[in-house]
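Undergrad:
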Amino acid sequence: MWRSTWTFPSPSVPGNRVARRPPARSVVAEPALLSADALIAHFEQEKSRALGNARRRDAGLYYTPAHLAARVVEIALREGGIAAGRVLDPCAGAGAFLVAAARAGLRDLHGFDLDPEALRVARHALRLCGAKARLRRADALRVAPRQRADLLISNPPYGHVKEPGERAFLLREFPALRGGEIDRYAAFLLRALQLVRPGGAAALLVPDTWMFLARGGALREAVLAQAEVAAIVDLGKPFASAKDTRVQAVVLVRRPARIRPAYVGRGACALSPVSRDELAAAARRGWFVYRSAEERALCAAMESVSVPLGSACAVGYGMRTGANERHVGKRAPGPGESGLVGGEDVVPYSLRWRPKTLLDPGPLRELARRQLGTSRVAVQRIRTNAQAPWARWLEAAPVPADRVCLDSLSTLSCGEGRRLWALLALVQSVALQRYHRLRTTDVNVKPSALRELPVPRALLEDPVELATLARQRARAGAGQAHALDRRIDACVYALFGLSERLVHAAERGFWGDRFPKEIQGLERCMSDPSGNLAPKEGIA
Numbered sequence: 044m045w046r047s048t049w050t051f052p053s054p055s056v057p058g059n060r061v062a063r064r065p066p067a068r069s070v071v072a073e074p075a076l077l078s079a080d081a082l083i084a085h086f087e088q089e090k091s092r093a094l095g096n097a098r099r100r101d102a103g104l105y106y107t108p109a110h111l112a113a114r115v116v117e118i119a120l121r122e123g124g125i126a127a128g129r130v131l132d133p134c135a136g137a138g139a140f141l142v143a144a145a146r147a148g149l150r151d152l153h154g155f156d157l158d159p160e161a162l163r164v165a166r167h168a169l170r171l172c173g174a175k176a177r178l179r180r181a182d183a184l185r186v187a188p189r190q191r192a193d194l195l196i197s198n199p200p201y202g203h204v205k206e207p208g209e210r211a212f213l214l215r216e217f218p219a220l221r222g223g224e225i226d227r228y229a230a231f232l233l234r235a236l237q238l239v240r241p242g243g244a245a246a247l248l249v250p251d252t253w254m255f256l257a258r259g260g261a262l263r264e265a266v267l268a269q270a271e272v273a274a275i276v277d278l279g280k281p282f283a284s285a286k287d288t289r290v291q292a293v294v295l296v297r298r299p300a301r302i303r304p305a306y307v308g309r310g311a312c313a314l315s316p317v318s319r320d321e322l323a324a325a326a327r328r329g330w331f332v333y334r335s336a337e338e339r340a341l342c343a344a345m346e347s348v349s350v351p352l353g354s355a356c357a358v359g360y361g362m363r364t365g366a367n368e369r370h371v372g373k374r375a376p377g378p379g380e381s382g383l384v385g386g387e388d389v390v391p392y393s394l395r396w397r398p399k400t401l402l403d404p405g406p407l408r409e410l411a412r413r414q415l416g417t418s419r420v421a422v423q424r425i426r427t428n429a430q431a432p433w434a435r436w437l438e439a440a441p442v443p444a445d446r447v448c449l450d451s452l453s454t455l456s457c458g459e460g461r462r463l464w465a466l467l468a469l470v471q472s473v474a475l476q477r478y479h480r481l482r483t484t485d486v487n488v489k490p491s492a493l494r495e496l497p498v499p500r501a502l503l504e505d506p507v508e509l510a511t512l513a514r515q516r517a518r519a520g521a522g523q524a525h526a527l528d529r530r531i532d533a534c535v536y537a538l539f540g541l542s543e544r545l546v547h548a549a550e551r552g553f554w555g556d557r558f559p560k561e562i563q564g565l566e567r568c569m570s571d572p573s574g575n576l577a578p579k580e581g582i583a
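My numbering puts the first residue of the sequence shown at 44, with every later residue one more than the last.
1. For R586, which residues in the same chain have their Cβ closer than 7 Å to its Cβ, ignoring the five residues on either side in sequence?
2. In its own chain, which residues sit with a C-beta less than 8 Å from the C-beta of R339, not counting the 5 before and 5 after it?
3. Which residue comes first and which comes last in the beta strand (DSSP E) that contains A325?
4. Using DSSP with H/G/I as helix, E/B as strand and the rest coil, what is R514?
5. Between the stretch 434-450 and the stretch 285-303, do at least 3 Cβ pairs fall closer than 8 Å?
6. Please determine, among P250, S451 and W554, the residue with the shortest C-alpha to C-alpha distance to G361.
7. Output needed for I275: all residues of its chain with C-beta closer than 7 Å, excluding positions within five of it in sequence on either side, in chain order.
8. Between A245 and A235, is the Cβ-Cβ spacing less than 8 Å?
9. Using C-beta distances below 6 Å, list every residue in its chain close to P65, excluding the 5 sequence neighbours before and after it, in chain order.
10. What is the residue span of the alpha helix (DSSP H) that L149 lies within?
11. How should A533 be labelled, buried or exposed, when 16 other C-beta atoms within 10 angstroms of its C-beta is the threshold for buried?
12. Go through its chain and collect everything with a Cβ distance to L195's Cβ below 6 Å, but skip five positions before and after it.
13. What do you get for G379, buried or exposed, if any count of 16 or more other CB atoms within 10 angstroms of its CB means buried?
14. Does the stretch 253-260 come close enough to the stretch 219-227 that 3 or more CB-CB pairs lie under 8 Å?
15. Out of C356, G460, A468 and A139, state which residue places its alpha-carbon closest to the alpha-carbon of C172.
16. Give the DSSP bridge partners of V350, in chain order.
17. Helix, strand or coil for V37, going by three-state DSSP, please let me know.
18. Per DSSP, what kind of secondary structure is D4 in: helix, strand or coil?
19. Would you identify the three-state DSSP class for R227, choosing helix, strand or coil?
20. Is it the case that the stretch 458-472 contacts the stretch 414-422, given that we only count it when at least three CB pairs across the two stretches are under 8 Å?
21. Please name the residue, chosen from S354, R221 and G385, that lies closest to V204 on a Cα-to-Cα basis.
22. So P241 and E346 are supposed to be a Cβ contact under 8 Å. How far apart are they, rounded?
23. From A143 to E368, what distance separates their C-alpha atoms?
24. Distance check for L82 and K280, CA to CA, integer angstroms please.
25. Suppose the cutoff is 7 Å on Cβ atoms and the five residues either side in sequence are ignored; what does the same chain contact list for L605 look like?
26. If you follow the alpha helix (DSSP H) that R303 is part of, which residue opens it and which one closes it?
27. Is there at least one non-hydrogen atom of the ligand SAH closer than 7 Å to the beta-carbon of Q237?
28. To which residues of the same chain is V488 closer than 7 Å at the C-beta, ignoring the five residues directly before and after it?
29. What ranges does the alpha helix (DSSP H) occupy inside the stretch 144-204, keeping only unbroken runs of at least 4 residues that lie completely in it?
30. What did DSSP end up calling S11 once you bin it into helix, strand or coil?
31. By a C-beta neighbour count over all protein chains shown, 10 Å radius and 16 as the cutoff for buried, is G416 buried or exposed?
32. Under 8 Å by Cβ, that's how I've got A161 and G136 pegged, so tell me the actual separation to the nearest angstrom.
33. Please report the residue range of the beta strand (DSSP E) in which R413 lies.
34. When you compare the stretch 542-561 with the stretch 512-521, are there three or more beta-carbon pairs, one atom per stretch, that lie closer than 8 Å?
35. What first and last residue would you give for the beta strand (DSSP E) that runs through I275?
36. Would you mind reading off the limits of the alpha helix (DSSP H) that contains L475?
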């Protein structure tokens, strides 16, 4: 029986040249009593506990469950076109991916990591599976291996690179990362393509935000210049310690490689494939690929009769104070003071205001003046992590002209009151909720995403009906709210001119199990566009 003392120093992240601190904790374990998966899980749990949440997050370490590693390897083998050869995990850790590769029949296994204790565990876990690997303590961002891999599989570190020297190194090595925060995993997307041979495949488990972040255009173009995107698979939010982080398996085949549409999936379900031409055309704007063929048709139909919201009104952030404890007073404003509105005040169509006042306004006077005197719509920017299909990611309320929105809100404003009321209803409709969720997996509603929402030209030509419904909804009691929401939805579908098939696609995607009941209510509203039946239903 092998008895081992595991020591956990400061997190060792590839590229982290900062000197280590003394060991923080030791744990005595008997790995021989554990299976390979249990051994890896036990080590990673104990290391996470020893590091603590803050230090683990700073290091960007999110450990891979065995079933998730196996799924990534399965996707890599199916879509990457590599059935055998040299396999490398450049961030091997305790060996979850190498164990999954061994179980899939791969034998020429190699790995890098900076943590010697993790590599010891990886060796033992592989022995328990009847496999072995050549494991080396090395910085995968800097090491120059003698031979490139046929297949690379890994879950690289996440999070932003903060250390100035490391940022400078990464920007020299990967110019496509310029333009803002540097995500560790983004560096590994590019580094992975250097570590595989031409025609070799890299399969990475990474956050999916690189596909649609505005600052990621150069990164997406750099990936396409070097590789074919073979697969993109949404694997949900598997990390309890990072509940808002949605991850994907992305498989890249280093060029030259066969050009073919990329496989797109959500879990085990295949979605509509996406062509290289489509990815290239949208690289600067962002890749919104998690759609079935029917969902693609829905989005295309909405876009064909619309203009972007950013051309119909001004879209912006609320005011950032830089120091809420100094500038936000939790009381009603006095004479000459300005009231403040935050995300906690917004419920659909109204404010449930918790009084707040702008204090010490001098440094913020110009920012506040930009909002004062103009009515606007406030959209909650920081959203919850609700799991129900019908959870609304877009919730908005009208804000009077004498209040200032804080930066927990995004804002809409325009000079025409009826248009603003109509937009208030539009952004909260099922049609827009569905469109938004098909374009992003980020629950936080940023102005950049809002500006791209489609506004039917018919609404701009005649906003009266939708504006009237929005005003009624703002005055409605709880018993009338849902019926009015459905009338608003019917009006919005009519403005987009959607076919019955596409209306059903939007409704089914939004409501999930509630679809059969909800579609009946919607169809009653669509058969009564004038609202003549409303008094009988207690809606008017």
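Ideal placement from N, C-alpha and C gives every residue a C-beta, glycine not left out.
TA: This is what the structure gives:
1. Residue 586 lies beyond the stretch modelled for the chain, which goes from 44 to 583, so this question has no answer here.
2. Taking the sequence shown and counting its residues from 1, one reaches residue 339 at position 296. Excluding sequence neighbours, R339 sits near S315.
3. As a working note, residue 325 is residue 282 in the sequence shown. That residue, A325, is in no beta strand (DSSP E); it is neither H nor E in DSSP.
4. As a working note, residue 514 is residue 471 in the sequence shown. DSSP, read as helix, strand or coil, puts R514 in helix.
5. At 8 Å Cβ cutoff, the stretches do not touch.
6. Residue mapping note: residue 361 aligns to position 318 of the sequence shown, counting from 1. Nearest of P250, S451 and W554 to G361, Cα basis: S451.
7. Taking the first residue of the sequence shown as position 1, residue 275 is located at position 232. Within the same chain, Cβ atoms closer than 7 Å to the Cβ of I275 are found at Q291, V293, A305, V307 and V332, the five residues on either side in sequence being excluded.
8. Here residue 245 corresponds to residue number 202 of the sequence shown, with the count starting at 1. Here residue 235 corresponds to residue number 192 of the sequence shown, with the count starting at 1. Taking 8 Å as the Cβ cut-off, A245 and A235 qualify as a contacting pair.
9. To locate residue 65, count along the sequence shown from 1; it is residue 22. Any reading at P65 must be qualified, since the residue scores a pLDDT of 36, below 50, and its modelled position is unreliable; the value itself is stated next. Once the five neighbours on either side are set aside, P65 has no close Cβ partner at all.
10. On the sequence shown, residue 149 is found 106 positions in, with the first residue counted as 1. Unbroken run through L149: none, as it is neither H nor E.
11. To locate residue 533, count along the sequence shown from 1; it is residue 490. A533 should be labelled buried.
12. Start at 1 with the first residue of the sequence shown, and residue 195 comes out as number 152. Excluding five sequence positions before and after L195, the CB atoms of its chain that fall closer than 6 Å to its own CB belong to L131, A235, L238, V239 and A245, given in chain order.
13. Translated into positions along the sequence shown, residue 379 becomes position 336. Classification of G379: exposed, given that the 10 Å Cβ count is below 16.
14. The stretch 219-227, when compared against the stretch 253-260, does touch it at the 8 Å Cβ threshold.
15. Counted from its first residue, the sequence shown places residue 172 at position 129. Nearest of C356, G460, A468 and A139 to C172, Cα basis: A139.
16. Position 307 of the sequence shown, counted from the start, is the residue given in the question as residue 350. Looking at the DSSP assignment, V350 forms a beta bridge with V498.
17. Because the chain is modelled from 44 through 583, residue 37 falls outside the range shown and cannot be assessed.
18. There is no way to answer for residue 4, as the model of the chain reaches only from 44 to 583.
19. Working through the sequence shown from its first residue, we reach residue 227 at position 184. It is helical.
20. Here the stretch 414-422 lies against the stretch 458-472, with 3 or more beta-carbon pairs under 8 Å apart.
21. Along the sequence shown, one-based indexing puts residue 204 at 161. Closest by C-alpha distance to V204, out of S354, R221 and G385, is R221.
22. Stepping through the sequence shown from its first residue, residue 241 is reached at position 198. Stepping through the sequence shown from its first residue, residue 346 is reached at position 303. No, P241 and E346 are not in contact; Cβ-Cβ is about 38 Å, not under 8 Å.
23. Residue 143 sits at position 100 when you count from the first residue of the sequence shown. Residue 368 sits at position 325 when you count from the first residue of the sequence shown. Approximately 50 Å, taken between the alpha carbons.
24. What you label residue 280 is simply residue 237 of the sequence shown in a count that begins at 1. What you label residue 82 is simply residue 39 of the sequence shown in a count that begins at 1. The C-alpha of K280 lies about 23 Å from the C-alpha of L82.
25. With the chain covering only 44 through 583, there is no way to say anything about residue 605.
26. Taking the sequence shown and counting its residues from 1, the one referred to as residue 303 is at position 260. Segment: none, R303 is in no alpha helix (DSSP H) and carries neither H nor E.
27. You won't find the ligand SAH in this model; it holds no ligand whatsoever.
28. Residue mapping note: residue 488 aligns to position 445 of the sequence shown, counting from 1. Within the same chain, V488 has close Cβ partners V422, Q423, R424, R426, W436, L437 and S453.
29. As summarised for the stretch 144-204, the continuous alpha helix (DSSP H) elements at least 4 residues long and confined to that stretch are 159-171, given in chain order.
30. Residue coverage of the chain in this structure runs from 44 to 583, which leaves residue 11 outside it and unanswerable.
31. As a position in the sequence shown, residue 416 is number 373, starting the count at 1. Under a 10 Å Cβ-count criterion, G416 is classified as exposed, with fewer than 16 other Cβ atoms of the shown protein chains found around its own Cβ.
32. The sequence position of residue 161 within the sequence shown is 118, counting from 1. The sequence position of residue 136 within the sequence shown is 93, counting from 1. That pair is a contact at about 5 Å.
33. Translated into the one-based positions of the sequence shown, residue 413 becomes position 370. Here R413 belongs to no beta strand (DSSP E); instead the alpha helix (DSSP H) covers R408 to Q414.
34. The way I'd put it, the stretch 542-561 doesn't touch the stretch 512-521; fewer than three beta-carbon pairs between them come closer than 8 Å.
35. Residue 275 sits at position 232 when you count from the first residue of the sequence shown. First-last of the beta strand (DSSP E) with I275: A270 to D277.
36. Taking the sequence shown and counting its residues from 1, one reaches residue 475 at position 432. Per DSSP, L475 belongs to the alpha helix (DSSP H) from V473 to R482.
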